[in-house]
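Down below is the structure, laid out as structure tokens.
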Amino acid sequence: MITFSTIGTSWITESFIQAAKQTGKVRLSSIYSRSEETARGFASNNGAERWYTDLDEMLKEDTDFVYLASPNSVHFEQMIKVIKSKKHVFCEKPMVISEEQWRAVSELAKQEGVFVFEGYRHLYSPNYTVFKESLANIGQVRSAILHYIQYSSRYDAFKAGKEPNVFSKEFAGGALMDLGVYPLSMAVDLFGKPNRLEYFPVLLDNGADGSGTLVLTYKDFVVTILCSKIADATIPSEIHGENGTITIDHIAPITKITHYNRETKQQHELGKEQLELDMVYEADEFIRIIMERDIHAYQYAMERSRQVVQCLEMAQNKG
Ligand SMILES: NC(=O)c1ccc[n+]([C@@H]2O[C@H](COP(=O)([O-])OP(=O)(O)OC[C@H]3O[C@@H](n4cnc5c(N)ncnc54)[C@H](OP(=O)(O)O)[C@@H]3O)[C@@H](O)[C@H]2O)c1
């Protein structure tokens with residue numbers, strides 16, 4: 002059985018632990034927190050065998066991989082440590098915040114013979130595969146509107162004068178890094194890296210983007226991405242082709258997919274039932290890549306991560 006440790010003790014780590022256990026292929030060895038009290042409670046609540054407040058000590062354990070969900074700006078330093086300890090890393094999105102970091106991580110991982118994997122739960126679900134395949138039905142794509150607009154409970158804290166990490170530039174927070182990266186990675190996965198990219202952020206008082214619009218220009222079409230942590234959306238996302246339109250209810254998770262045929266004016270539902278905890282699918286794929294040493298799938302995912310971080314850098318330079 003594959004064993005793992007975790008970094009970060011918020012709800013997303015608990016969700017991953019639950020998802021990983023649901024694959025039936027892993028055992029949680031240990032968890033790390035900067036605080037002893039949190040470490041004890043988190044280990045006990047999540048059935049970890051051991052807990053640590055010293056990351057270097059935890060990395061001396063003989064585990065197979067580490068799930069990493071600290072604030073975005075902290076990922077790089079922790080990932081380097083994990084890779085040097087010869088463990089695979091599953092790192093939450095966005096894995097890195099510059100192409101330079103991506104290169105350092107990628108080269109070190111190769112040298113140490115381990116895999117690094119960026120957590121993109123929306124890109125590994127069965128409904129994403131259906132959605133991707135359904136694009137063959139709509140002819141030449143001409144435009145798309147993809148969005149992740151969700152009011153954050155942490156915005157209330159921000160408005161009360163605090164600065165949660167997710168609204169902090171120092172921690173590489175903000176709408177684009179936190180939510181925009183979901184539709185952005187989807188666009189890159191579907192269409193590759195755009196020829197041009199512009200980001201129009203809506204800045205909060207501390208300079209972080211509370212929301213924003215990202216415009217990706219491809220040779221024959223334009224993808225518009227909206228992201229926000231300070232409002233809610235009620236409309237779906239759409240991809241428009243010359244022969245039809247594909248609509249998805251949400252970027253992550255996709256539960257409803259509708260194909261509209263322009264000629265017949267008919268609509269068909271394509272979505273399948275899938276697990277509510279969609280992190281199970283990405284956990285399963287990561288474990289498969291490790292077990293089968295699937296270099297091809299690994300290189301595909303890493304190249305996508307590289308293109309996404311290139312886009313994030315382009316967006317910030319223009320923002
Ligand atoms: N896939 C998804 O659906 C999803 C959802 C939410 C978040 N995420 C990603 O998960 C990551 C964590 O997000 P989050 O909202 O959970 O972040 P967060 O609450 O700001 O921090 C997560 C954990 O990191 C540790 N931490 C906090 N500040 C730190 C610092 N300055 N240095 C080192 N460790 C620190 C804390 O654990 P201790 O205090 O116990 O050390 C905390 O529980 C981000 O990359 C985010 O994008 C993914």
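Residue numbers (this note's numbering): 2 to 320. Even glycine gets a Cβ: it sits at the ideal position worked out from N, Cα and C. Remember, it's a predicted structure, so these values are computed and weren't measured experimentally.
- Listed in chain order, the alpha helix (DSSP H) elements of length 4 or more contained wholly in the stretch 280 to 304 are 280 to 293.
- DSSP places valine 115 in the coil class of the three-state scheme, outside both helix and strand.
- Taking a 10 Å sphere around the C-beta of glycine 175, we find 16 or more other C-beta atoms and assign the residue as buried.
- Between the C-alpha atoms of serine 144 and serine 238 there is a straight-line separation of about 11 angstroms.
- A distance below 7 angstroms between beta-carbons, with the five flanking residues on each side excluded, links serine 16 to the following residues of its chain, in chain order: Leu278 and Met280.
- Distances from the CB of lysine 94 to the heavy atoms of ligand 1 include at least one below 7 angstroms.
- Remark: the shortest separation between the CB of alanine 209 and any heavy atom of ligand 1 does not fall under 7 angstroms.
- The beta carbon of aspartate 55 sits no closer than 7 angstroms to any heavy atom of ligand 1.
- In this structure, ligand 1 has a non-hydrogen atom nearer than 7 angstroms to the beta-carbon of serine 71.
- Threonine 256 has its alpha-carbon roughly 24 angstroms from the corresponding atom of isoleucine 288.
- The alpha-carbon of proline 165 is positioned some 14 angstroms away from that of isoleucine 231.
- Below 8 angstroms, too few C-beta pairs join the stretch 97 to 112 and the stretch 198 to 218 to call them touching: fewer than three.
- When DSSP states are grouped into helix, strand and coil, proline 165 belongs to the coil group.
- Distance between methionine 292 and glycine 9, taken at the CA atoms: about 25 angstroms.
- For the pair aspartate 190 and asparagine 244, the Cα-to-Cα distance works out to about 22 angstroms.
- Less than 8 angstroms separates the beta-carbon of phenylalanine 66 from that of lysine 88.
- Following the DSSP letters along the chain, one finds histidine 269 inside the beta strand (DSSP E) bounded by residues 268 to 270.
- The three-state secondary structure of threonine 14, taken from DSSP, is helix.
- DSSP places asparagine 244 in the coil class of the three-state scheme, outside both helix and strand.
- In the three-state DSSP reduction, proline 72 falls in the coil class, being neither helix nor strand.
- Residue pairing from DSSP leaves proline 237 without any beta-bridge partner.
- Distances from the CB of serine 153 to the heavy atoms of ligand 1 are all 7 angstroms or more.
- Closest option to glutamine 267, judged by alpha-carbon separation, among Tyr299, Tyr152, Ile139 and Arg294: Ile139.
- For asparagine 166, the shortest separation between its Cβ and any heavy atom of ligand 1 lies below 7 angstroms.
- Straight-line spacing of the CA atoms in tyrosine 121 and lysine 94 works out to 6 angstroms.
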